[in-house]
Amino acid sequence: MSLPSSWRQFQLFDVTPIKDPNYGSENPLYSDHSLSAITSTASYLVIATKNSFIKLISKEFSLLKTFIAYDLDYRIGYIKALPGSNLLVTLAERQGSPSILKLWDLNKLLQLPDENSDEDESLKHKYQTQVNIHNGDNSFPISCFQFNDDLTCVAIGYTNGKVILIRGDLIRDRGSKQRLIYETNDPITGIQFNKYQDVLYITTTSKILTVLTTGRNHGKPNRLLSKRTGVDLNCSDIDVKSQQLIVGTKDSIRYYSHLNKSHTLAFEIPKKSIFKYKKNYLLIVSPIEEQTKNNTSDVSSKAITRILIIDLYNKHIFFSLTIPNNTIDYIFTMWDDLYMLSNDGVLYKLHERPINQQIELILQRSLFNIAYDLATQANLSNDMLLKIQLLYGDHLYDKSEFEESIDAYIKCLTLYEKNDSLDANKGDDNIDDFIMTVITKFKDVSNINNLIKFLYKLYELKLANNDHLTLLLCCYCKMKMITDLDNFINELDLTENTSNKEDLSKVNLQELNFQLIINLFKECGYFTQAIELLHKLNQPSHIVGIQLNDMHQPKQCLDYMKSLAIDELLLILIDHSKSLLDSLPIETTELLINVFTGKYIPREQPDGPVNLKTRVLDTTNINSDEVAFPLNSYKAFLAYIAGSSSDKADSEESSVATNPHSEPTYLPPKPSLIFPSYINNPNEFVIFLEACIETFEKYQGNINDKKDLLITLLEMYLSLSKSNSEKNSWLSKAKELVRTYSSLLNKSSLLLISHIYDFKEGEIAAKQQSGFEESLFRTSQSSGDVEGCFEIVRKYGESKPELYKQTLKFVVSKKEVFDKVDAKDIQFILSRIKALKLATPLEVIQILSVTEFATIGLIKDYLIEYIDTQKQEISNNVKLIQSYEKESTKNTHKLTELTSKPFVIQNNKCSSCKMKLDFPIVHFKCKHSYHQRCLDENKFISSTADLDGLDVTTRCCPLCINDLELAHSARADQLRTKDDIELFEQTLNEAPDRFKVITNYLGKGVMENGPTTLLETE
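Counting along the sequence shown from 1, when you hit position 186 you're at 186 in UniProt numbering, and nothing is skipped either side.
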């Protein structure tokens, strides 16, 4: 006998010999030599003896009942229980008589009262179903017997090569039919049902075949599975899960499906019987003859039975037992354990150890792969699988098998990823510790490749954090694995969020130590990889920095910048525009104009973020941006761009970008952000400022930004005029700017810049603004500029009336000045002084009297006009007084008549309904009459006091009540004004004639009812 060398042996079953508790007594249990069959049901151990007795034994191996199942001359050769029940099927035979199959319900039998078998043999008739089976003259014994799970189909094989099939509802005893389904000359050695295909596996001593269990086959097989291989008795069984036939031959274990042979396992060992146990176990009973020599040199044979339990799936031997001088006659399962009965009456219990114990035993032998496979098949938790794999990795590492060890550790990562532990925080801590431990173990230079493999797996499983990715990239650089580095960067995806929960797979770009990685790339000269990584990390500012400072590629850098969004581009321009202007002033200025005038549109990059297939420095075209003539204006710049764009590949792009008529696509940023970048490029700065001013109105920016642009541009004009040969050109631009935008130029800044650069036009323009009128007038006065003074007075006199008096004093200050002034100008000054009441005629005479050359004829017309005006005003006032006195006298006379004299009312119609008056009648002093019924009771004045403090709760005429209420309201308003001191002071200060305001207040009766404080405040 030789076992396969690759099959490992373990002892994963516990064996317990169980001696018959009645051994040696008159009524033994399973140690009875007349025992003919043994099996178990869901609750009992059942034993049949040759004298047709059946014993029911409990789980405690105590005899529960004994009864006679057949006539005493029948031998019970087969007993089997229906799966999971206490229904027992027995098959007994007698030479020359039909075999008898009976179905027993053991639960019912146990409920029957005990009876004396000598007096009554009625127990043998308490079966549930009985079937007589005929096989010719019934002279051949039964070799095998099998039925399906619901006992609707029973197959019986005989030694004469016949197979009889019985069909019917045997459980309910509804009758049955039997027929011969197969006949051959070879003895039948095995029968098994295939419940999926309705076929019957039949094995003989020379072949293996299948027969249909339905329809009529006329005794012919359905399919011949093997015509050369015969099977010994008890050496075939069925795989319950796959329903394949398992056949044990001398040198192999073979599988057969219902169609053909499936596969073969080489297992060269003698086989007396095989028994398929749960899972993938197969129990093999192997007889062995061992020869020994005694002292007399005689050779003697010793019979040994070897029991093997093999794992058909994993191909291991899980149990081995040697029983000397005995054979195993019966194998059966009972209460989820495997039992064997030897010929000496000993019952062997084989109990499979718990899976955890099995794994521990295997781990003790350092067979980690086998332990892992068993744990996986048993669906153990990930914690157990992880423990096995960790032990395996440590074992390999201790043996210095580093590549195999890192593979084991990588497998641990997949288990950590699948770990669904309830304590999530603890799991995270465990994986952090594990990863750190592995990194520490493989940090040596000799193990860097293995560390790279581990770190890359972390990234693939999305378990890598920022430090792990940083370390991986550093390892690539140190090992100069350029190809792997390129592949990793190309595959790197840091944009996705793995889940809502926080876990290790979430990479935070802001926390990634990319600065360390980029510095390492730069030290190693991997500029292309650095830029590619920065593009993955969305770091355009660093990309531009590397291209400008390390690779010296301003053109490629500028091309890349033109593909960025406006927000990113603006930040980069603030940091790097000075360097770009030093290298490419024209192209950079063009880009800055587009950005700060709202016309920038990002263009697409067909070849990725940057077109960097090589790391060759671009030094050939650094100065190619220079032009043959200076560009000193925005118009000249546009002309140059339009002419040069025809030679560029992106001419269409350039012309569109610099088109001054295009509409802004976004709100432009403040141009002042970029001012410091033009420190070395004054001409380009002027172009930039002019472009921003020209397009400022299109996007209606902040007026303060425009003021900054204008004052900065003026300073640049004046600065260039001092240091440039084209002085007059720059000065003319400055003057034109001041004339065009004088209202927007800040007066303080304009004065300061004009003073620094000695720019007279600027000083004058600044002083012409509000607040500098008197200073400007004094400047013209001090210089003797009479025309300038009159121009200033005409322009600002209305807003600064004091200038008229100052002009009059200036005219008569000197004879030379007086001679230059025309009489009409003097009359204009006098007329404005009179109109604005800046001075009285007496004050005007006093001003002119200080000179000898000013005569009275100069102001004759002024005085005559003033006197005539006064006379006319006096005349008008006298007439107004007379009219007031006449009206007052008239009103006084009427009041006297109403209060003291009677008057006659001659109305004959009601003033309300216009009907003839009849009593009762109501007459009013206003000479309106009403029927009393027509009077509206609501139309009465119902106040508590009149304006003089008298009670006026009286009836009023409905037609006159509105006028009366208006009079009372107007009078009340007049009386209220005398208490509003603030209103009086405001009116007095704003009025040109203050005396008229006071008299107006007196006319409204503010002096009545006691003294007032209005005049006191004045």
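The beta-carbon is built from N, C-alpha and C at its ideal position, and this holds for glycine as well.
- By the C-beta density criterion, S732 is exposed, having fewer than 16 other C-beta atoms within 10 angstroms.
- The C-alpha of E690 lies about 58 Å from the C-alpha of L863.
- If you compare the alpha carbons of G77, E715 and N86 with that of L101, the shortest gap goes to G77.
- Just measuring C-alpha positions, the residue of R75, L72, E60 and N234 sitting nearest T189 is N234.
- Take T264, set aside five residues on each side of it, and the residues of its chain with a beta-carbon closer than 8 Å to its own are S252, I253, R254 and Y255, in chain order.
- For G96, the closest alpha carbon among the candidates F637, I845, D73 and L112 is that of D73.
- Straight across, the Cα-Cα distance linking K195 with I238 is about 10 Å.
- The Cβ neighbour count for I641, taken over all protein chains shown within 10 Å, is at least 16; the residue is labelled buried.
- Per DSSP, A991 lies in no beta strand (DSSP E) segment and is marked neither H nor E.
- Distances from the alpha-carbon of K901 to those of Y741, F402, L751 and K925 put K925 closest.
- When the five nearest sequence neighbours on each side are left out, the beta carbons in the same chain lying within less than 7 Å of the beta carbon of P4 are those of A266 and F267, in order along the chain.
- By a beta-carbon distance limit of 8 Å, L151 contacts L170. Their separation comes to about 5 Å.
- If the five residues before and after L836 are omitted, its C-beta is found closer than 6 Å to the C-beta atoms of P801, all from its own chain and listed in chain order.
- In the three-state scheme derived from DSSP, where H, G and I count as helix and E and B as strand, Y459 is classed as helix.
- Beta-bridge partners of I47 (DSSP): I38 and K55.
- For the options N185, D337, D198 and L471, the alpha carbon positioned closest to that of I439 is the one of L471.
- Taking 9 Å as the cut-off, the Cβ atoms of N343 and N326 count as close.
- Note that the region 927-934 touches the region 902-919; at least 3 beta-carbon pairs, one per stretch, sit closer than 8 Å.
- The region 562-570 and the region 514-533 do not touch, with fewer than three beta-carbon pairs separated by less than 8 Å.
- Assigned with DSSP and collapsed to three states, F318 falls in strand.
- Going by DSSP, K80 is part of the beta strand (DSSP E) stretching over R75 to A81.
- Rounded to whole angstroms, the gap between the alpha carbons of V997 and E694 is 55 Å.
- Per DSSP, M915 lies in no alpha helix (DSSP H) and is assigned neither H nor E.
- In this model, N447 and G230 are separated by some 58 Å (Cα to Cα).
- Residue Y392 holds the alpha-carbon nearest to the alpha-carbon of S366 among L350, Y392 and L386.
- Scanning I181, I166, Y182 and E183 for the CA closest to the CA of G175 turns up I166.
- Beta bridge pairing from DSSP links E352 with F13.
- Within the DSSP secondary-structure output, T129 pairs in a beta bridge with L103.
- DSSP, reduced to helix, strand and coil, places R216 outside both helices and strands of the structure shown, so it counts as coil.
- C412 sits buried, since 16 or more C-beta atoms from the chains shown fall within 10 Å of its C-beta.
- E183 is not a Cβ neighbour of K207, given a cutoff of 9 Å.
- When DSSP states are grouped into helix, strand and coil, T203 belongs to the strand group.
- For D237, the uninterrupted beta strand (DSSP E) segment begins and ends at S236 to I238.
- As computed with DSSP, V211 is found in a beta bridge with L200.
- Residue nearest to K418 within the set L109, L385, V850 and R778 is L385 (criterion: CA-CA distance).
- Across the structure, K809 and C789 are spaced so that their CA atoms are roughly 12 Å apart.
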